[in-house]
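K.L.:
Residue numbers (this note's numbering), protein chains in the order written: chain A, 1 to 121; chain B, 122 to 380.
Just so it is clear, CB atoms sit at the ideal spot from N, CA and C, and this is done for glycine as well.
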Amino acid sequence: MEPHEFKLTEEGIRAVLPPLEAEIMEEMWKLKVATAGQLYEILKERHPDIRRSTVSILMNRLCERGLLKRNVETGRGGMRYVYSITTTREEFEEKVVKSILDALMSNFREATYAYLSKMKK
Amino acid sequence: MLYLVMLLQLILAIGMLGELGLKLIVTSALLVLLIYIWAYTSEPKGSYHALEREQIPWLYDGVAKMAKKAGIRMPKIYLLEDYIPNAYSFKNTLVFSLGLFEVLGEEEILAVAAHEIGHIKNGDTKLFPVIAYSRYLMMLLTLMIVVVTKSSLVSFTSLILYALYEMSRAEYLKKREFGADHTALGLLDVPLSLKHALEELKYYEDLRENVKTNALPSIEPSIDRKQGTQIIETHPSYDERILRILLEINPGLPQNRLQ
Numbered sequence: 001m002e003p004h005e006f007k008l009t010e011e012g013i014r015a016v017l018p019p020l021e022a023e024i025m026e027e028m029w030k031l032k033v034a035t036a037g038q039l040y041e042i043l044k045e046r047h048p049d050i051r052r053s054t055v056s057i058l059m060n061r062l063c064e065r066g067l068l069k070r071n072v073e074t075g076r077g078g079m080r081y082v083y084s085i086t087t088t089r090e091e092f093e094e095k096v097v098k099s100i101l102d103a104l105m106s107n108f109r110e111a112t113y114a115y116l117s118k119m120k121k
Numbered sequence: 122m123l124y125l126v127m128l129l130q131l132i133l134a135i136g137m138l139g140e141l142g143l144k145l146i147v148t149s150a151l152l153v154l155l156i157y158i159w160a161y162t163s164e165p166k167g168s169y170h171a172l173e174r175e176q177i178p179w180l181y182d183g184v185a186k187m188a189k190k191a192g193i194r195m196p197k198i199y200l201l202e203d204y205i206p207n208a209y210s211f212k213n214t215l216v217f218s219l220g221l222f223e224v225l226g227e228e229e230i231l232a233v234a235a236h237e238i239g240h241i242k243n244g245d246t247k248l249f250p251v252i253a254y255s256r257y258l259m260m261l262l263t264l265m266i267v268v269v270t271k272s273s274l275v276s277f278t279s280l281i282l283y284a285l286y287e288m289s290r291a292e293y294l295k296k297r298e299f300g301a302d303h304t305a306l307g308l309l310d311v312p313l314s315l316k317h318a319l320e321e322l323k324y325y326e327d328l329r330e331n332v333k334t335n336a337l338p339s340i341e342p343s344i345d346r347k348q349g350t351q352i353i354e355t356h357p358s359y360d361e362r363i364l365r366i367l368l369e370i371n372p373g374l375p376q377n378r379l380q
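Printed below as a string of structure tokens:
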């Protein structure tokens with residue numbers, strides 16, 4: 001996933017992901033593999049009004065973004081979709097930093113160099 | 122009304138096209154029959170998985186109980202690999218997408234199953250393919266009448282009949298949907314679960330269609346499958362169905378209070 005937007009006012013991955021998607025990713029990085037139902041139960045504790053539909057749509061959106069992947073699992077309780085992470089948190093953050101620096105270098109090359117060298121000192 | 126309009130168009134075709142019209146009708150009817158037989162005898166292919174009882178006992182047993190109550194044979198149940206919640210029926214078969222299990226609870230899924238059993242009990246799974254294929258016959262007849270006959274009055278009449286056919290077909294299909302809901306309410310232990318299921322599915326679709334952009338600015342319709350828009354809706358809206366369900370469960374409620 002290549003971030004297309006960086007919100008300066010937001011903290012952590014919320015700077016590049018909408019709040020609920022960021023929350024889902026935080027949980028998914030802890031769990032690594034989960035069903036939408038499991039995520040719903042977790043998020044419901046913090047957001048009592050959240051609906052199953054919202055979690056399902058957002059998890060599928062994260063699949064479209066390439067941050068999660070969806071597989072069919074057959075086991076006890078029948079067939080179901082299980083979602084798993086495609087990237088670790090560290091790899092994701094690295095990608096974000098790389099994309100932002102690449103954008104800065106192509107748009108404000110001199111200023112970026114100057115600032116980075118000042119930071120090094 | 123639907124059958125009357127079809128009959129009028131057939132009479133017009135035979136009257137105006139003569140032997141050609143008759144041949145066209147017989148050939149098309151045979152073709153429709155062949156497609157119907159093929160569709161009725163073939164099994165679903167692709168991402169469909171037949172459900173065994175031990176996989177989801179509550180669903181299997183729930184369907185068995187309702188089928189018995191409805192007086193139909195135990196339907197085959199298939200699970201479809203699709204993340205969009207969906208359910209439908211054909212022949213004596215029920216299909217549930219995996220997405221349905223993500224957004225609905227057990228009682229609500231059983232309510233959806235009851236609606237589909239309603240379609241089977243009411244004979245819709247036999248009737249709907251005939252109506253769907255007959256539409257092509259109506260299109261063909263109208264086209265032939267317009268192209269072959271020189272009279273603009275006849276062409277105009279045929280086009281009007283076709284428009285009437287489309288409207289009455291939509292109305293007829295809507296009635297069958299309400300009929301399936303009515304049957305479902307009689308099969309369910311908790312009739313309100315059908316209302317809850319429809320509300321959740323409506324919420325899901327609203328979210329997909331970006332209606333709730335303020336609540337969830339991240340939802341973009343581009344992630345979802347593209348859907349064709351219909352000029353004449355053949356399916357009643359969720360609101361219409363919910364209203365009817367409420368009126369059926371609480372016959373004493375005045376309509377204006379519900380709206």
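Using a cut-off of 8 angstroms between C-beta atoms, extract the partners of ASN71/A located in chain B.
P.N.:
Here the question's residue 71/A lines up with position 71 in the first sequence. Correct list: empty, because the minimum Cβ distance to chain B is about 10 angstroms.
K.L.:
Please classify HIS356/B: does DSSP put it in a helix, a strand, or coil?
P.N.:
What you label residue 356/B is simply residue 235 of the second sequence in a count that begins at 1. Coil, per DSSP.
K.L.:
What is the rounded straight-line gap between the Cα of MET187/B and the Cα of LEU215/B?
P.N.:
Counting from one through the second sequence, the residue named residue 187/B turns up at place 66. Counting from one through the second sequence, the residue named residue 215/B turns up at place 94. So the two alpha carbons sit approximately 13 angstroms from each other.
K.L.:
Using 10 angstroms around the beta-carbon of PRO338/B, count the other beta-carbons present and answer buried if the total reaches 16, otherwise exposed.
P.N.:
The residue given as residue 338/B occupies position 217 in the second sequence. Residue placement at PRO338/B is poorly supported in this model, since its pLDDT is 42, which falls under 50; the coordinates still yield a value, given next. PRO338/B should be labelled exposed.
K.L.:
How many Å lie between THR9/A and PRO19/A at the Cα?
P.N.:
Reading the first sequence from its first residue, position 9 is the one you call residue 9/A. Reading the first sequence from its first residue, position 19 is the one you call residue 19/A. So the alpha carbons of these two residues sit roughly 12 angstroms apart.
K.L.:
Run down chain A in chain order and give the residues with a C-beta less than 7 angstroms from the C-beta of VAL224/B.
P.N.:
Here the question's residue 224/B lines up with position 103 in the second sequence. Near VAL224/B (Cβ distances below 7 angstroms), the residues of chain A are ARG52, SER53, SER56.
K.L.:
Determine the burial state of ASP302/B: buried for a count of at least 16 other Cβ atoms within 10 Å of its Cβ, exposed for fewer.
P.N.:
For this step, residue 302/B is matched to residue 181 along the second sequence. The residue in question, ASP302/B, is buried, as its Cβ has 16 or more Cβ neighbours within 10 Å.
K.L.:
Any contact between the region 145-163 of chain B and the region 174-183 of chain B? By contact I mean 3 or more CB pairs, one from each, below 8 angstroms.
P.N.:
Segments in contact, no.
K.L.:
Assuming SER272/B and LEU123/B form a contact by the criterion Cβ under 8 angstroms, report the distance between their Cβ atoms to the nearest whole angstrom.
P.N.:
By 1-based counting over the second sequence, the position of residue 272/B is 151. By 1-based counting over the second sequence, the position of residue 123/B is 2. Contact doesn't hold; Cβ gap of about 26 angstroms is too wide.
K.L.:
Counting only C-beta atoms, is ILE193/B closer than 9 angstroms to chain A at any point?
P.N.:
Taking the first residue of the second sequence as position 1, residue 193/B is located at position 72. Chain A contact via Cβ: absent.
K.L.:
According to DSSP, is ILE193/B part of a helix, a strand, or is it coil?
P.N.:
Looking up residue 193/B in the second sequence gives position 72. In the structure shown, ILE193/B sits in coil (DSSP, three-state: anything other than H, G, I, E or B).
K.L.:
Kindly say whether ASP360/B, judged by its beta-carbon, lies nearer than 9 angstroms to any beta-carbon of chain A.
P.N.:
Taking the first residue of the second sequence as 1, we reach residue 360/B at position 239. No, ASP360/B does not count as interfacial toward chain A.
K.L.:
Anything in chain D within Cβ reach of ARG329/B, meaning under 8 angstroms, just list it in chain order.
P.N.:
Within the model displayed, chain D is absent; protein chains A and B are what it includes.
K.L.:
Between the beta-carbon of GLU326/B and the beta-carbon of THR35/A, is there less than 9 angstroms?
P.N.:
Counting from 1 along the second sequence, the entry for residue 326/B is found at position 205. Counting from 1 along the first sequence, the entry for residue 35/A is found at position 35. No, the Cβ-Cβ distance between GLU326/B and THR35/A is not below 9 angstroms.
K.L.:
Once the 5 residues before and after SER343/B are set aside, which same chain residues still bring their CB inside 6 angstroms of it?
P.N.:
Position 222 of the second sequence holds residue 343/B. Residue placement at SER343/B is poorly supported in this model, since its pLDDT is 40, which falls under 50; the coordinates still yield a value, given next. Closer than 6 angstroms at the Cβ level, and outside the excluded window around SER343/B, lies no residue.
K.L.:
Taking DSSP as the reference, what is the three-state secondary structure of SER255/B?
P.N.:
Your numbering for residue 255/B matches position 134 in the second sequence. It is helical.
K.L.:
Go ahead and pull the three-state DSSP assignment for ARG122/A.
P.N.:
Shown here, chain A extends from 1 to 121; a query on residue 122/A therefore has no answer.
K.L.:
Just the chain B side, please: which residues come within less than 9 angstroms of TYR81/A by C-beta, in chain order?
P.N.:
By one-based count along the first sequence, residue 81/A stands at place 81. Here the neighbours are GLU202, TYR204, LEU219, GLY220, PHE222, GLU223.
K.L.:
Ignore the nearest five residues each way along the sequence and tell me which others in ARG346/B's own chain have a CB closer than 6 angstroms to its CB.
P.N.:
Position 225 of the second sequence, counted from the first residue, corresponds to residue 346/B. Caution applies to ARG346/B, whose pLDDT of 43 falls short of 50 and renders its modelled position unreliable; the model cannot decide the point.
K.L.:
Comparing alpha-carbon positions, which option in THR270/B, GLU228/B, LEU367/B lies nearest ALA318/B?
P.N.:
Here residue 318/B refers to the residue found at position 197 of the second sequence. The residue with the shortest Cα to Cα distance from ALA318/B is GLU228/B.
K.L.:
My understanding is that LEU219/B touches TYR209/B, with C-beta atoms under 8 angstroms, so please give their C-beta distance in whole angstroms.
P.N.:
As a position in the second sequence, residue 219/B is number 98, starting the count at 1. As a position in the second sequence, residue 209/B is number 88, starting the count at 1. Wrong, their Cβ atoms sit about 14 angstroms apart, outside the cutoff.
K.L.:
Give a yes or no on contact between the region 14-28 of chain A and the region 39-48 of chain A, applying the rule of three or more CB pairs nearer than 8 angstroms.
P.N.:
Touching, yes, given that three or more Cβ pairs across the two stretches are closer than 8 angstroms.
K.L.:
What separation, rounded to the nearest whole angstrom, lies between the Cα atoms of LEU128/B and TYR324/B?
P.N.:
Mapped onto the second sequence, residue 128/B falls at position 7. Mapped onto the second sequence, residue 324/B falls at position 203. Whole-angstrom Cα-Cα distance: 41 angstroms.
K.L.:
Let me confirm a value: LEU282/B is counted as buried when at least 16 other C-beta atoms fall within 10 Å, else exposed. Which label applies?
P.N.:
Mapped onto the second sequence, residue 282/B falls at position 161. Buried: at least 16 other Cβ atoms inside 10 Å.
K.L.:
When Cβ atoms are compared, which residues of the region 308-324 of chain B fall closer than 9 angstroms to chain A?
P.N.:
Under the 9 angstroms Cβ criterion, the region 308-324 of chain B contributes GLU321, LEU322, TYR324.
K.L.:
How long is the line joining the alpha carbons of VAL251/B and GLU298/B, rounded to whole angstroms?
P.N.:
Position 130 of the second sequence, counted from the first residue, corresponds to residue 251/B. Position 177 of the second sequence, counted from the first residue, corresponds to residue 298/B. Rounded to whole angstroms, VAL251/B to GLU298/B spans 16 angstroms at the Cα level.
K.L.:
My guess is that ARG70/A and CYS63/A are in contact by the Cβ rule of under 8 angstroms, so how many angstroms apart are they, rounded?
P.N.:
Position 70 of the first sequence, counted from the start, is the residue given in the question as residue 70/A. Position 63 of the first sequence, counted from the start, is the residue given in the question as residue 63/A. With a Cβ gap of about 5 angstroms, ARG70/A and CYS63/A count as contacting.
K.L.:
Verify the CB distance criterion: does GLU341/B have a CB-CB separation below 9 angstroms to chain A?
P.N.:
Mapped onto the second sequence, residue 341/B falls at position 220. Low per-residue confidence applies at GLU341/B: pLDDT is 40, beneath 50, and the placement is therefore not dependable, though the value from the model is reported in the following sentence. True, the Cβ-Cβ gap to chain A drops below 9 angstroms.
K.L.:
Counting only Cβ-Cβ distances shorter than 8 angstroms, please list the residues of the region 96-114 of chain A near chain B, keeping chain order.
P.N.:
So nothing in the stretch comes that close.
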